[in-house]
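There are 2 protein chains.
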Amino acid sequence: MNKGALSNLVVLDLTRVLAGPFCTMLLADMGADVVKIERPDTGDDTRQMGPFVNGESAYYMNLNRNKRGVTLNLKSEKGKKIFLDMVKKADLVVENYRPGTMEKLGLGYEELRKVNDRIIYAAVSGFGHTGPYKMKPGYDIIAQAMSGLMSTTGWPGGEPTRTGTAMGDVLAGLSCAIGILAAVNSRELTGVGQKVDVALVDSAVASLEIINMIYLVEGRVPQRIGNRYESTYPYDSFKAMDGGLVIGAANDKLWQSLCEVMERPELAEDPRYLRVRDRVSHHEEIKPVVEEWTEKHTVEDACRLIDQAGIPCAPIMSIDQVTSDPHIAGDREMFVPVEHPVAGKTTLTGNHIKLSGTPAGIRTASPTLGEHNREVFGEMLGIGDTDLQLLRSEGVL
Amino acid sequence: MNKGALSNLVVLDLTRVLAGPFCTMLLADMGADVVKIERPDTGDDTRQMGPFVNGESAYYMNLNRNKRGVTLNLKSEKGKKIFLDMVKKADLVVENYRPGTMEKLGLGYEELRKVNDRIIYAAVSGFGHTGPYKMKPGYDIIAQAMSGLMSTTGWPGGEPTRTGTAMGDVLAGLSCAIGILAAVNSRELTGVGQKVDVALVDSAVASLEIINMIYLVEGRVPQRIGNRYESTYPYDSFKAMDGGLVIGAANDKLWQSLCEVMERPELAEDPRYLRVRDRVSHHEEIKPVVEEWTEKHTVEDACRLIDQAGIPCAPIMSIDQVTSDPHIAGDREMFVPVEHPVAGKTTLTGNHIKLSGTPAGIRTASPTLGEHNREVFGEMLGIGDTDLQLLRSEGVL
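Heads up: the sequence lines are chains Z and D, in that order.
FYI, in our numbering the residues of the first sequence are 1 to 397.
FYI, in our numbering the residues of the second sequence are 1001 to 1397.
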């Protein structure tokens, strides 16, 4: 039976909210035993954040499926000792506190490696664990602003624009998973763990591939240019009768095909539009020409005709369309039902990394607060029911 | 000496343009021996794409640093045989062709595993290797449109907006690296490789965390809401005298602090704005109130005052500011010089995944076309100079 590609890894997951939990969600989807450790009584802040179903947070449910959940008060001496005992038996610790928080608790990487030098310690933070800004609080919007991502998203003459999802968090979560798995490979070679330090800001900076190079090499500061692309045209959005679509006629051949589809063969030979660089220079003329054609069609018809000619194109889909798309929701299984004890049957976003031999999957719903205290503390540390009750009454669990 | 976290891995890299090369760049930065295999004579398309420095593509240079480069014609019988001989000695094959291309060459995963069942085969494509759209060409803008990302980026009443970097490519590249490293771990357990299948569209869908859940749970279709956030306020952009800044006063305490900074204590007690949900409902009233204060300050002064009060905030930085920022460019080393034989000293975007024991780094510039033919084909397959010349004259290399 497939237990997942990471079924040998035990993860102590101290992460909260989005970036960290997104990372450990990916590990859990791929079979790691992720033990989410939450504050007693309240737990992860996202348990109180919408959207809700039957009073249960779908924010939390999505990011914490496939994890086991325990409570532990890391400020109590008994809680610290229990945590250190768990570290001895774990492969990974992942946290997304402000830098220095774990050190203040006496649970920084230097302390943890003393009890288990194979432990891999991964930290996600706004600005990283080094440098003058390291103590600044760093939400997603801060990373989008400071990385330059907002400055290059949006329309000429318009305002810098935030990408419509917490992209800084997502990029950092993905990047932290890469760092963790690279450290796991390295541990096979060296026998020891190490610390992985991923910042939201750095992750957003790294995503600005060509944008950074335009400035670093040409000295030109990239601006907001709407939906078109710096290096080719037509590669942009266009209005149809009933909505919008995008066309990626990125090379000369695709441009010629598009002229045929539009029944405008003369444009294909127009010297103003002959080569990629010509079309980029004349993008302001080409957009209305293409739009004159698309506006006479529905999105569906325009996409079908362009698609038949082998030209990349797509409708600009809204979330309700995406979630019911036969390819995305169907074959690619990007939306997956799960049965939750309180919320009932709920649909979550599926795992997008498709492995042929050890496919990822959604096996269990997110834990209720402390759901696995008995199971995890019993299995890992041999703590019995009487002791658990005592620890609970003392506020340790 | 640190050889990197992935120094044991040999990667045959057939990827071109952006998503695939971004993935193998991350592996190479972390020490994998990435052999980039390019078409003879022309190589990767991005060698012809700007921005340029001394005629050398900075697009290519950034994505292909730390890799060795060879040429090989996979359409020739001799080229196929050489590739299969290389597969016997490699850990990974990574490609981002249209699905079916490798099968047509007789080099699909099923063929490759026959000569080396430990091989891990990773494919990045627009729509993935299954489902009705799998043969559709999928550029970044297609993924941004079909995933719903564009539909939720931008301003109320405005158009759906493309994120200002090829985010679909970047997300897929990061995700493919996760799949590869998970498969490497799995191979330690099972002894065999597997296929990793990552789609641009799926990767963008997975990034829409809470956005998907809003529809799946509430049935409400998420809209474009500018720079604010669905779940708290003020968490938005604001205009200052000389530019823009973002403030993330995400909870009640931070809001009260912000009112103090603005010297508007009465707002902190105004019942209309008392709780998070109240401020979200009244965001249209709150934005001008905050902006009345920010507009009286420079970005620098506003950020300093807000920062001193412990409230997350940041200037909206342009790329020239990012590349000279003391934290980002300084301590976090997000822009790194490299000496290229043709381009000379050039600055590239650094690796953002910081590993304490085996730090990633930029060790070598991107290869010139076929630069390592002699070295790689000699080392891996024992092909001598006479045979190399013959293969070159036959158009195999």
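Note that beta-carbon positions come from the ideal geometry of N, C-alpha and C, so glycine has one too.
Since the structure is predicted, the reported quantities are computational estimates derived from the model, not experimental observations.
State buried or exposed for residue i, treating a residue as buried only when at least 16 other CB atoms are found within 10 Å of its CB.
{"i": "P1418 of chain D", "result": "Because residue 1418 of chain D is not part of the residues shown, which for chain D are 1001 to 1397, the question remains open."}
{"i": "T358 of chain Z", "result": "buried"}
{"i": "N54 of chain Z", "result": "exposed"}
{"i": "D242 of chain Z", "result": "exposed"}
{"i": "P1222 of chain D", "result": "buried"}
{"i": "Q144 of chain Z", "result": "buried"}
{"i": "P1312 of chain D", "result": "buried"}
{"i": "R279 of chain Z", "result": "buried"}
{"i": "E230 of chain Z", "result": "buried"}
{"i": "E1188 of chain D", "result": "exposed"}
{"i": "E266 of chain Z", "result": "exposed"}
{"i": "L381 of chain Z", "result": "exposed"}
{"i": "K1088 of chain D", "result": "exposed"}
{"i": "S324 of chain Z", "result": "exposed"}
{"i": "D117 of chain Z", "result": "exposed"}
{"i": "E56 of chain Z", "result": "buried"}
{"i": "K1067 of chain D", "result": "buried"}
{"i": "P416 of chain Z", "result": "Residue 416 of chain Z is absent from the structure shown; chain Z starts at 1 and stops at 397."}
{"i": "D1385 of chain D", "result": "exposed"}
{"i": "K104 of chain Z", "result": "exposed"}
{"i": "G1191 of chain D", "result": "exposed"}
{"i": "R275 of chain Z", "result": "exposed"}
{"i": "V1234 of chain D", "result": "It is worth fixing the name first, because residue 1234 of chain D is Pro in this sequence and not Val. Buried, by the Cβ-count rule."}
Along chain D, in chain order, which residues have C-beta atoms closer than 7 Å to that of residue i?
{"i": "A268 of chain Z", "result": "Result: empty, since nearest Cβ-Cβ is about 20 Å, beyond 7 Å."}
{"i": "Q410 of chain Z", "result": "Limits of chain Z in this structure are 1 at one end and 397 at the other, which puts residue 410 of chain Z out of reach."}
{"i": "V246 of chain Z", "result": "I1141, I1142, A1145"}
{"i": "L6 of chain Z", "result": "A1182, N1185"}
{"i": "P222 of chain Z", "result": "I1319"}
Name the chain Z residues that come within less than 9 Å of residue i, Cβ to Cβ?
{"i": "T1349 of chain D", "result": "V205, A206, L208, E209, N212, M213, L216"}
{"i": "M1102 of chain D", "result": "Ordered by position in chain Z, no residue passes the 9 Å Cβ test against M1102 of chain D, which lies about 14 Å from the chain."}
{"i": "P1132 of chain D", "result": "P326, H327, G330, D331"}
{"i": "P1312 of chain D", "result": "G126, K136, P137, G138, Y139, I141, I142"}
{"i": "F1335 of chain D", "result": "V205, N212, L216"}
Closer than 8 Å by beta-carbon distance: list the chain Z residues that pair up with residue i, in chain order.
{"i": "H1352 of chain D", "result": "S175, V198, A199, D202, S203, V205, A206"}
{"i": "F1238 of chain D", "result": "What F1238 of chain D touches in chain Z: nothing, since even the nearest Cβ is about 11 Å away."}
{"i": "A1250 of chain D", "result": "Y139"}
{"i": "T1071 of chain D", "result": "Neighbours of T1071 of chain D on chain Z: none; closest Cβ ~22 Å, over 8 Å."}
Check the Cβ of residue i against every Cβ in chain Z and list those closer than 7 Å, keeping chain order.
{"i": "I1316 of chain D", "result": "A145, M150, S151, P160"}
{"i": "Y1059 of chain D", "result": "I210, M213"}
{"i": "E1188 of chain D", "result": "E188"}
Can you list the residues of chain D that residue i reaches, using a CB-CB cut of under 8 Å?
{"i": "F22 of chain Z", "result": "E1209"}
{"i": "V53 of chain Z", "result": "V1217"}
{"i": "I178 of chain Z", "result": "L1026, L1174, A1177, I1178, L1181, I1353"}
{"i": "G344 of chain Z", "result": "Result: empty, since nearest Cβ-Cβ is about 11 Å, beyond 8 Å."}
DSSP has residue i in a bridge; who is on the other side?
{"i": "K1354 of chain D", "result": "Z:D197"}
{"i": "L1092 of chain D", "result": "D:V1011, D:I1120"}
{"i": "P359 of chain Z", "result": "Paired residue(s): none; P359 of chain Z is not in a bridge."}
{"i": "G1248 of chain D", "result": "D:Y1235"}
{"i": "P1315 of chain D", "result": "D:L1245"}
{"i": "I400 of chain Z", "result": "This structure gives no information on residue 400 of chain Z, because the portion of chain Z shown stretches from 1 to 397."}
{"i": "G1344 of chain D", "result": "D:H1340"}
{"i": "A1240 of chain D", "result": "D:G1243"}
{"i": "V53 of chain Z", "result": "Z:E56"}
Check the Cβ of residue i against every Cβ in chain D and list those closer than 9 Å, keeping chain order.
{"i": "G191 of chain Z", "result": "In chain order: nothing, as chain D lies at least about 11 Å away."}
{"i": "G157 of chain Z", "result": "In chain order: nothing, as chain D lies at least about 12 Å away."}
Legend entry - Residues of the stretch 1320–1333 of chain D whose Cβ lies closer than 8 Å to any Cβ of chain Z, in chain order: D1320, Q1321, V1322, T1323, D1325, P1326, H1327, I1328, G1330, D1331, R1332
Legend entry - the stretch 1009–1022 of chain D contacting the stretch 380–397 of chain Z, beta-carbon criterion three pairs below 8 Å: no
Legend entry - the stretch 1182–1199 of chain D in contact with the stretch 1120–1128 of chain D per 3-pair CB rule at 8 Å: yes
Inset, instruction - Please confirm if the stretch 214–232 of chain Z is in contact with the stretch 141–156 of chain Z, defined as three or more CB-CB distances below 8 Å between the two stretches. - result: yes
Legend entry - At least 3 beta-carbon pairs within less than 8 Å: the stretch 177–191 of chain Z vs the stretch 206–213 of chain Z: no
Inset, instruction - Compile a chain-ordered list of the residues in the stretch 1254–1265 of chain D whose CB is closer than 8 Å to at least one CB of chain Z. - result: none
Legend entry - chain Z contacts from the stretch 1363–1375 of chain D (Cβ-Cβ distance under 9 Å): none
Legend entry - Stretch-stretch touch, CB-based, cutoff 8 Å, three pairs: the stretch 1091–1103 of chain D with the stretch 1007–1015 of chain D: yes
Legend entry - the stretch 372–380 of chain Z touching the stretch 38–52 of chain Z, judged by at least three CB pairs closer than 8 Å: no
Inset, instruction - Below 8 Å between beta carbons is the criterion; list the residues of the stretch 276–299 of chain Z that meet it against any residue of chain D, in chain order. - result: none
Legend entry - Given 8 Å, three or more beta-carbon pairs between the stretch 69–78 of chain Z and the stretch 39–48 of chain Z: yes
Inset, instruction - Answer yes if the stretch 55–64 of chain Z comes into contact with the stretch 334–348 of chain Z, meaning at least three C-beta pairs across the two stretches below 8 Å, and no otherwise. - result: yes
Inset, instruction - Could you say if the stretch 161–176 of chain Z and the stretch 1163–1171 of chain D meet the contact criterion of at least three C-beta pairs nearer than 8 Å? - result: yes
Legend entry - At least three beta-carbon pairs within less than 8 Å, the stretch 106–117 of chain Z to the stretch 1287–1295 of chain D: no
Inset, instruction - Could you please tell me which residues of the stretch 106–125 of chain Z, in chain order, have their CB closer than 7 Å to any CB of chain D? - result: none
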